[in-house]
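All remarks here apply to the structure that follows.
Residue numbers (the working numbering): 121 to 228.
See the structure below:
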């Protein structure tokens with residue numbers, strides 16, 4: 121599983137969104153992990169919100185198969201079926217599957 125840190129250099133929300141578009145355009149892996157941070161305010165929180173909105177739009181458009189917010193592993197957020205469906209892909213995460221508000225998995 122490839123891991124992409126789209127918040128490492130504190131980009132703008134638009135730059136982080138552009139990075140996501142480039143990642144899914146060229147990525148060949150079936151499941152990737154996106155590190156976006158979890159800040160409740162400021163740039164980190166805005167990037168997290170953008171990633172979830174962006175992923176939902178891409179999923180509805182048929183561009184990605186699914187997405188799973190990292191916090192879905194610790195709370196009932198309606199992603200249980202998606203997690204079960206893609207568990208074989210998710211198991212490839214070297215850090216294990218635990219609740220983490222700063223990441224989102226994309227199923228391509």
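C-beta: ideal position from N, C-alpha, C; glycine also.
Check                                                                                           : Outcome
Short Cβ contact (8 Å threshold) for residue 127 with residue 156                               : yes
Contact the stretch 208–227 vs the stretch 140–154: 3+ CB pairs below 8 Å                       : yes
Selected residue, minimal CA-CA separation from residue 144, among 192, 194, 204 and 185        : 185
Proximity of residue 192 and residue 226 at Cβ, strictly below 8 Å                              : no
Where residue 202 falls: helix, strand or coil (DSSP)                                           : helix
Complete runs of the beta strand (DSSP E) confined to the stretch 159–191 [at least 3 residues] : 186–189
CB of residue 178 within 8 Å of CB of residue 147, strictly                                     : no
Contact set for residue 137: own chain, Cβ-Cβ below 7 Å, skip 5 residues either direction       : 170 and 174
Cα-Cα separation between residue 168 and residue 205, rounded to whole angstroms                : 24 Å
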